[in-house]
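Chains F and D supply the protein sequences, listed in that same order. Numbering of the first sequence is given in our numbering, commencing with residue 12 and proceeding in unit increments. Numbering of the second sequence is given in our numbering, commencing with residue 445 and proceeding in unit increments.
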Amino acid sequence: MVLAILTRVMWFLRGGIALLLPGLLSACGASVPSGMDGFGQTISLLVEEENLAAPLNRIASRKMMKEQINEFGRYHPGTQVQLEVVRSDGLGQALQYRASRGLGPDLLLLVGNDLLPLKSKGYIKPVRLSEQERLNFRPEGLLQLQNHGEQLGLPLFLYPRLACYNKQLMPEPPKNQADLIRLGQQGHAIGLESSLPGLQWLYSGFGGNLFPPQGESLNSGALLDFLSWLRLANLQPDITFVTNGAELSQGLGDGNFQWVSCSTRWLPSLRKALGSRLGLSLLPGGPKEAAQPILHLRTWAFGAQSSSHQHQLARQLVLFNSNVVQQRNMALKLGTVLPVNPAIALPLKAYPTLGLIDEAVRSSRRLNLAQERQFQALEAPAQTLIDQVISGGRPPEWAAPKLEALIKAAQPGVQR
Amino acid sequence: MNSMVLAFNDLFSDFSRPAVLWQLLVLLLVIGLWFPLKGVLRLEVKFWPLERQFPWLGLVKPLANETLLWLLLILASRGLDALTGVAGLALFLARFYGICLLSRVLIVVLYQHLPLELVRRADLRVLRPLLTIGGLLSIFAQLSDLSLLMQAPLFSLGGQVISFGDLTLLLFGTYFLAAGTALPALALAWITRKIFNLEGPAYRATALLIRYMIVGLGLVYILAQVGVNPTLVAAVGGGLSVGLGFGLKEVFSNFISGLWLLLEGAVRPGDVLLLESGNGEDPCEVLELGMRATTLWRDRDNVELVVPNQTFFTQSMSTYSGIRDRRRRGQVLIGAAYRHPPEQVIALLEATAQTIPRVLADPKPKGLLLRYDDSAITYAIRYWIENPMDGVGVASEVGIAVWNAFEQAAIEIPFPQRVVHLDSEHQGLGSD
């Protein structure tokens, strides 16, 4: 009886395995026979999009991505890229849904570089690059996306933070934070983001560093000065704090603001709204240091559920997009980002915006993956304290030590 | 077409993912285990411990092996999920199999409460195709981008691009409208019947009209969803009109006749008719008023007659179930000898007819003296019956009862008699 059962089970399994064999071979990295174009030759790319991105910025980003995929297809015939776009707030759910079925994307293009949670949930896996391939990326960019020696992601572009203003209404942008207050007193409408990532550049102007190097202590005075400045700024009727960047971008375009802190990601819509009236400058420095905003990256990450063949195709797509020709073409076409390939010499004089972006990148502060995670964890509790100070609910002297304690709880170690 | 290729390539590529293959392998293992297991357990044949206490268990017993497979699939998927956290696809397939199994249980239950043929039709024509198509599309959606497949353009029709989704909607939407609206229409008609207190034929006609209405509205909705240009529809309609004028004249005429008959209410399902083309004696019941022809049932030989709808427009016909009522009057003729007083015979006939169960007590049976024939006085006993289809059967019963009653009352049913008188003047000539 048992023998009969076993015979039948084996007979059935032989049939099943014969059916699954092509898949198993492909999963093990075996070459796919010709005539089976498309089998294992399609990779899925999940692109994260900012929640409140203006339609024009969204279109520009999608258009660029589609063009790059088409370009990749020209040089890799037979390979197809299945593109899916999700908003930041739906990213986790989309990944969870797909990963639970074993169908996680082969490649992700993320707005930020908060990769550690994705790694811990098993959505992404590290990538290995040869020495030759590493030359496509600035070393500091690669280092920024490493964790315990593993390369968890690769950068595509750098997006620094700038100051955007209406040249018609404000001929000269503020040079420092005192200027900003003064312009606010003079009736110029100033817009500031009240979130911690949106205010960090102000804090850096007072000599503050959220992640001081090991051995250095947190600058308590800078925290108090920063919070006091926020209180002072909110006392000016023409300085407004808003909760998200989209409101700032929209407000500047509509003429409600004359000066805002902005991301280069917003430039396509601002250019459309303001045309030649759009002015760009570095963010105003503080009494102690120049502003050092956190540098944002557009980051590639590799899916953990791909077959080895699909992983190789995903690597090819990323390396294709980081080569000198593609990076240069994209940077010049978009005019709002800085390439990550160090071998590119951009005509910065012919493209003054790129020159300014280059300068902003150099003055920006980079967070490694661990710091990025700590920064994300810090954001919510710190925001409560900042909001209380801005709204006048609590004095800066009350909030400063609490904020200091929160920041100290975070691990030190910062790259510049 | 490119997006369609991309969607299918994506589907095939997914089969090279290790996590997908693991899930499929586990499901295959389970099925491989199930085959010998069901042979050993023989659940469908064995007596179940609680079968006597719960007789309904006997109904679902034929599905025992399938239920066993479903339980094994669910257990294996849950186990894989607990071990690896990646079993969404296996769980989906197990659950889908569960839905199919549930549909079988539903059919078994419906067989107990609704007419067999109705349930069989709904099962074969609607439920199974729906599960098959829905299942295939759902599995595709699990593995690839269904919206991409649906949006894939296939061909252009009069400047209108028809996508895969449009074609799917046109084909399957139309099919399910035609095949799957019978039950909903019946349900709506049942509600209408309750509200307006409709009689049988009117109820069935209402069901048919509601069904036509749902199909019509559904077609308009499908065409609107597909985005078919109204000008194109008008152009195609114009072309069809010419075609209808020549080749499809009869078909179209029958269809319009059917609709007209329904609206007018002259012929409705459930009506009982006497067709002039027949011998006029055998009534036929209208079973179905179709788009082209009407199906009639003749009791005598259990024949279904398919009569083109336009016949009812060109021929006059008799109906027992028209405006007044459905009652039919029957009659049996009988002769009694001259020596019996007519009052006695008529009273006996009326009393006898009243003993037949299918003869209505009100109006009362009526006996009549019809004429003085050569050998007997011919009487008629006239009576009313509820179901016009029972005419011949009741006449036979009445006839038998009358014979028995005459026998008991010693009333003679005479043979034909002829008295021959011979002329005496010609007797001699004859003898010579």
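In this text, a Cβ means the ideal position worked out from N, Cα and C, and glycines have one as well.
Backbone secondary structure at residue i - three-state DSSP
i	result
Ser131 of chain F	helix
Glu390 of chain F	helix
Tyr647 of chain D	helix
Ala4 of chain F	Only positions 12 to 427 of chain F appear in this structure, which leaves residue 4 of chain F out of reach.
Trp277 of chain F	helix
Pro166 of chain F	strand
Ile666 of chain D	helix
Asn334 of chain F	coil
Lys808 of chain D	coil
Tyr362 of chain F	coil
Met735 of chain D	coil
Ile307 of chain F	For the sequence presented, residue 307 of chain F should be read as His rather than Ile. In the structure shown, His307 of chain F sits in a strand (DSSP, three-state: E or B).
Asn436 of chain F	Any question about residue 436 of chain F goes unanswered here, given that chain F covers just 12 to 427.
Arg402 of chain D	There is no way to answer for residue 402 of chain D, as the model of chain D reaches only from 445 to 876.
Pro406 of chain F	coil
Pro44 of chain F	Here the model assigns Pro44 of chain F a pLDDT of 42, short of 50, so the residue's position is not dependable, and the following value carries that caveat. Residue state, collapsed to three classes: coil.
Lys482 of chain D	helix
Arg145 of chain F	helix
Within chain F, the residues that residue i reaches when beta carbons sit closer than 8 Å
i	result
Val489 of chain D	Chain F residues near Val489 of chain D: none, gap ~17 Å exceeds 8 Å.
Gln586 of chain D	Arg112 and Leu114
Val530 of chain D	Ala110, Ser111, Arg112, Gly113 and Gln316
Leu533 of chain D	Arg112, Gly113 and Leu114
Leu513 of chain D	Result: empty, since nearest Cβ-Cβ is about 13 Å, beyond 8 Å.
Counted within 10 angstroms of its Cβ, other Cβ atoms place residue i as buried (16 or more) or exposed
i	result
Trp799 of chain D	Per the sequence shown, the amino acid found at residue 799 of chain D is Thr instead of Trp. Exposed is the call here.
Trp466 of chain D	buried
Arg496 of chain D	exposed
Ser840 of chain D	exposed
Gln143 of chain F	exposed
Leu102 of chain F	buried
Asn81 of chain F	exposed
Arg85 of chain F	exposed
Ala646 of chain D	buried
Thr650 of chain D	buried
Val863 of chain D	exposed
Ile135 of chain F	buried
Thr576 of chain D	exposed
His307 of chain F	buried
Tyr782 of chain D	exposed
Ala526 of chain D	exposed
Thr675 of chain D	exposed
Met735 of chain D	exposed
Leu568 of chain D	exposed
Asn177 of chain F	buried
Thr254 of chain F	exposed
Thr625 of chain D	buried
Contacts that residue i makes with chain F (C-beta to C-beta distance below 9 Å)
i	result
Leu630 of chain D	Within 9 Å Cβ-Cβ: nothing; Leu630 of chain D doesn't reach chain F, min ~40 Å.
Ser521 of chain D	Chain F residues near Ser521 of chain D: none, gap ~11 Å exceeds 9 Å.
Leu527 of chain D	Going along chain F, no residue has its Cβ under 9 Å from Leu527 of chain D, so there is no contact; the nearest lies around 13 Å.
Leu749 of chain D	Within chain F, no residue comes near Leu749 of chain D; the closest Cβ sits about 53 Å away, beyond 9 Å.
Contacts that residue i makes with chain D (C-beta to C-beta distance below 9 Å)
i	result
Leu57 of chain F	Neighbours of Leu57 of chain F on chain D: none; closest Cβ ~12 Å, over 9 Å.
Proximal chain F residues relative to residue i, where beta-carbon distance stays under 7 Å
i	result
Ala463 of chain D	Gly113 and Gln316
Gln669 of chain D	Simply none; closest approach about 25 Å.
Ser582 of chain D	Simply none; closest approach about 12 Å.
Gln754 of chain D	What Gln754 of chain D touches in chain F: nothing, since even the nearest Cβ is about 56 Å away.
Leu537 of chain D	Simply none; closest approach about 10 Å.
Leu516 of chain D	Here the premise fails: no neighbours, minimum Cβ distance about 13 Å.
Chain-ordered chain D contacts of residue i [CB-CB under 8 Å]
i	result
Gln52 of chain F	Asn453 and Ser457
Quick one: complete alpha helix (DSSP H) runs, 4+ long, within the stretch 191 to 274 of chain F? 207 to 216, 231 to 246 and 256 to 265
Mind listing which residues of the stretch 86 to 103 of chain F have their C-beta closer than 8 Å to chain D's C-betas, in chain order? Gln91, Gln93 and Glu95
Which residues, in order along the stretch 318 to 349 of chain F, keep a beta-carbon less than 8 Å from a beta-carbon of chain D? Ser318, His320 and Gln321
Interface residues of the stretch 587 to 619 of chain D facing chain F [CB-CB below 9 Å]: Under the 9 Å Cβ criterion, the stretch 587 to 619 of chain D contributes Leu587, Ser588, Asp589 and Leu592.
Between the stretch 462 to 482 of chain D and chain F, which residues of the former have CB atoms less than 8 Å from a CB of the latter, in chain order? Pro462, Ala463, Val464, Leu465, Trp466, Gln467, Leu468, Leu469, Leu472, Leu473, Ile475, Gly476, Leu477, Phe479, Pro480 and Leu481
Return the chain-ordered ranges of every alpha helix (DSSP H) run that is complete within the stretch 781 to 852 of chain D and spans a minimum of 4 residues. 786 to 798 and 835 to 852
Which whole runs of the beta strand (DSSP E) in the stretch 53 to 128 of chain F are 3 residues long or more, in chain order? 53 to 60, 91 to 98 and 118 to 121
Contiguous alpha helix (DSSP H) assignments of at least 4 residues, all confined to the stretch 537 to 577 of chain D: 560 to 565
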